[in-house]
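These notes concern the structure reproduced below.
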Amino acid sequence: MSWGTELWDQFDNLEKHTQGGIDTLEKYIKFVKERTEIELSYAKQLRNLSKKYQPKKNSKEEEEYRYTACKAFLSTLNEMNDYAGQHEVISENMTSQITMELARYVQELKQERKSHFHDGRKAQQHIETCWKQLESSKRRFERDCKEADRAQQYFEKMDADINVTKADVEKARQQAQMRHQMAEDSKADYSSILQKFNHEQHEYYHTHIPNIFQKIQEMEERRIVRIGESVKTYAELDRQVIPIIGKCLDGIVKAAESIDPKNDSQLAIEAYKSGFEPPGDIEFEDYTQPMKRTVSDNSLSNSRGEGKSELKFGGKSKGKLWPFIKKNKPPPPPPASASPSAVPNGPQSPKQQKEPLSHRFNEFMTSKPKIHCFRSLKRGGATPEDFSNLPPEQRRKKLQQKVDELNKEIQKEMDQRDAITKMKDVYLKNPQMGDPASLDHKLAEVSQNIEKLRLEAQKFEAWLAEVEGRLPARSEQARRQSGMYDVQNPPAVNSCAQDRESPDGSYTEERSQESEVKVLATDFDDEFDDEESLPAIGTCKALYTFEGQNEGTISVVEGETLYVIEEDKGDGWTRIRRSEDEEGYVPTSYVEVYLDKNAKDS
6 MSWGTELWDQ
16 FDNLEKHTQG
26 GIDTLEKYIK
36 FVKERTEIEL
46 SYAKQLRNLS
56 KKYQPKKNSK
66 EEEEYRYTAC
76 KAFLSTLNEM
86 NDYAGQHEVI
96 SENMTSQITM
106 ELARYVQELK
116 QERKSHFHDG
126 RKAQQHIETC
136 WKQLESSKRR
146 FERDCKEADR
156 AQQYFEKMDA
166 DINVTKADVE
176 KARQQAQMRH
186 QMAEDSKADY
196 SSILQKFNHE
206 QHEYYHTHIP
216 NIFQKIQEME
226 ERRIVRIGES
236 VKTYAELDRQ
246 VIPIIGKCLD
256 GIVKAAESID
266 PKNDSQLAIE
276 AYKSGFEPPG
286 DIEFEDYTQP
296 MKRTVSDNSL
306 SNSRGEGKSE
316 LKFGGKSKGK
326 LWPFIKKNKP
336 PPPPPASASP
346 SAVPNGPQSP
356 KQQKEPLSHR
366 FNEFMTSKPK
376 IHCFRSLKRG
386 GATPEDFSNL
396 PPEQRRKKLQ
406 QKVDELNKEI
416 QKEMDQRDAI
426 TKMKDVYLKN
436 PQMGDPASLD
446 HKLAEVSQNI
456 EKLRLEAQKF
466 EAWLAEVEGR
476 LPARSEQARR
486 QSGMYDVQNP
496 PAVNSCAQDR
506 ESPDGSYTEE
516 RSQESEVKVL
526 ATDFDDEFDD
536 EESLPAIGTC
546 KALYTFEGQN
556 EGTISVVEGE
566 TLYVIEEDKG
576 DGWTRIRRSE
586 DEEGYVPTSY
596 VEVYLDKNAK
606 DS
């Protein structure tokens, strides 16, 4: 089956057919190109979609992604991002392996087709020229034969006429002979051209055209094979990414299976647990007696306060004294609504004997506030550095997080210092590599940063140790530190108690906190009265200036040297003495302590 033998007379139709094949190939190229554009657009939209729902950094939304359900959603977004990447791979591979390759092939195909049909037209023009030559020689031979026949007839007529001279007859005879000779020459020429034409025509239809058509047939078959290979490649490129897309989908399924509702519930507890005790029962208030509205002796505030009072009085220890309680300080006049017993003509409260202590503690409550009650903080305002606006459990987490961040920064600075030290050693061994003195400034700067970060970490560690003592199920020493913290920040208790005052004039939960602090203050006041003058156990140097504005503290100036009479017990304060009559507490991070060896041993 060959086009040269079967389609020898279909030159024009073959030309149209091959042009249609090239058009089909170009149409397929356009189809693949548009498919790649769709894949790119789809991948871009998927990426934008994934990016749109990604949590924003340093936002509250980012904190929600601690839960397994949110983590599964985040994993889905990440997997969809990878899924979009596979569609980009499809687009890139189709562009490089199909579109670009076929575009080059189409150009080569057009050149080859043009060359083959040019040879075919050239062969057609040659056979047409031979045909014209044959026709011309045939017409000349025919004309010469007719002229020779007319000359012969004229000669015979002249020869039969007796009136014609002999010269005229001879002239007619010669003319007839010449025409016959011309006819013979035309015949020979026509015969030669005819044989040549027949030979050329045989070569044209049996050699040239079959060869040209065979080449065109091979070209067309290669084009068809190339389209088939491209279609197969088209499918293979899709199939290549199916395993990776399957892994993306498996990742989504795995993320869905990792959702743990119990774990999310536990995380919610850790995130929002305040650490406070739930309120107790409110007992019946007897209004049958002739009195104004008062709070029952066994109400929530009194029951909680007395419970803690018994605990504190039962286990009195000679630990560290609270720095803000002054020796033998006279009690201030009682406030108008310090206790229910302040109501005229009312019954005496069971806590009547503790009233002088509350008078003394009210002065502490009116000192400079450091924290606010939770209700006032919710209304707005800046967040304190020690996170004292948060509940105990949340504050502990924030402080722990801050300590971890500072430790990471310290480690980073230490690594940088080690690197600079190694570089300096290299410079010392090989002076041609650099000047060792040029690194001294950088080394000093890094060391200074480390020292600042350590002081900052100590400050937050002290706050952390303080707040850990306020959480439930802690040691007695931790509970005492908790009480010390409450005394340090008395306005919070007072303001919260006022905010929680009920319409009938009675107090609610915050009142119990006030009672607790009163008992703690009583305990510390007793210890402070019994305390004798302590001996110096070392010296310290003030690193920064500290203005001791609260009672129990002492002001120091940067560079000043003082005596240490009691070292830091973990709450961030060191007790120092300037003279026999001037002593107090300063933050441990503000001084550099040098303890005597004998004092350490003892």
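Position in the sequence shown (first residue = 1) + 5 = the working numbering.
All C-beta atoms, glycine included, are put in the ideal place defined by N, C-alpha and C.
Treat the numbers as computed from the prediction; the structure is a model and nothing was measured.
Cβ-Cβ distance between residue i and residue j below 9 angstroms
i: E44; j: I95; result: yes
i: D573; j: A467; result: yes
i: L30; j: Q59; result: no
i: G616; j: E471; result: Nothing about residue 616 can be read from this structure; the chain reaches only from 6 to 607.
i: K447; j: I425; result: yes
i: T544; j: Y599; result: yes
i: V111; j: Y239; result: no
i: W8; j: Q222; result: yes
i: G564; j: A547; result: yes
i: V569; j: R582; result: yes
i: R401; j: I455; result: no
i: L51; j: M6; result: no
i: Y88; j: L242; result: no
i: A156; j: A177; result: yes
i: F392; j: L404; result: yes
i: M224; j: T10; result: no
i: G26; j: I229; result: yes
i: S191; j: R145; result: yes
Span separating the alpha-carbon of residue i from that of residue j
i: E175; j: S141; result: 33 angstroms
i: M187; j: K162; result: 21 angstroms
i: P592; j: E450; result: 24 angstroms
i: Q518; j: G256; result: Caution is warranted here: a pLDDT of 41 is assigned to Q518, below 50, making its placement in the model unreliable, and the coordinate value is therefore given only provisionally. For Q518 and G256, the distance between alpha carbons rounds to 51 angstroms.
i: Y590; j: Q406; result: 28 angstroms
i: L539; j: K76; result: 57 angstroms
i: S235; j: D194; result: 59 angstroms
i: T41; j: Y47; result: 10 angstroms
i: I264; j: N63; result: 24 angstroms
i: F379; j: G90; result: Because the pLDDT of F379 is 40, which lies under 50, any placement of that residue in the model is unreliable, and the number read from its coordinates should be weighed accordingly. If I take the Cα positions, the gap works out to 49 angstroms.
i: M419; j: T100; result: 52 angstroms
i: R71; j: D269; result: 8 angstroms
i: K143; j: M105; result: 58 angstroms
i: L199; j: L139; result: 6 angstroms
i: A483; j: M438; result: For A483, the predicted model reports a pLDDT of 38, less than 50, meaning its position is unreliable and no value from the coordinates is stated.
i: Q271; j: A261; result: 19 angstroms
i: Q206; j: I132; result: 6 angstroms
i: I247; j: E97; result: 16 angstroms
i: G557; j: N394; result: 24 angstroms
i: L82; j: E67; result: 14 angstroms
i: E571; j: W578; result: 9 angstroms
i: E597; j: D409; result: 23 angstroms
i: E39; j: K49; result: 15 angstroms
i: F318; j: A74; result: Only weak support exists for where F318 lies, its pLDDT of 36 falling under 50; the coordinates are left without a value.
i: A502; j: V258; result: With a pLDDT of 35 at A502, under the threshold of 50, the modelled position of this residue cannot be trusted, and the question is left open.
i: Q453; j: A442; result: 17 angstroms
Opposing strand residues paired with residue i [DSSP bridges]
i: S584; result: E587
i: V596; result: A547
i: L567; result: C545
i: T558; result: Y590
Where residue i falls: helix, strand or coil (DSSP)
i: P3; result: Residue 3 is absent from the model: the chain starts at 6 and stops at 607.
i: W578; result: strand
i: D243; result: helix
i: M6; result: coil
i: N216; result: helix
i: S120; result: helix
i: V258; result: helix
i: F294; result: Per the sequence shown, residue 294 should be read as Gln rather than Phe. Three-state result, Q294: coil.
i: W13; result: coil
i: D149; result: helix
i: L395; result: coil
i: T134; result: helix
i: Y210; result: helix
i: M419; result: helix
i: Y70; result: helix
Neighbour flag for residue i against chain D, beta carbons, 9 angstroms
i: L272; result: In summary, chain D is missing from the structure at hand, where a single protein chain is found.
May I ask you to verify whether the region 155-172 touches the region 208-221, counting CB pairs closer than 8 angstroms and requiring at least 3?
no
Should the region 142-152 be regarded as contacting the region 118-126, the criterion being three or more beta carbon pairs within less than 8 angstroms?
The region 142-152 vs the region 118-126: no contact.
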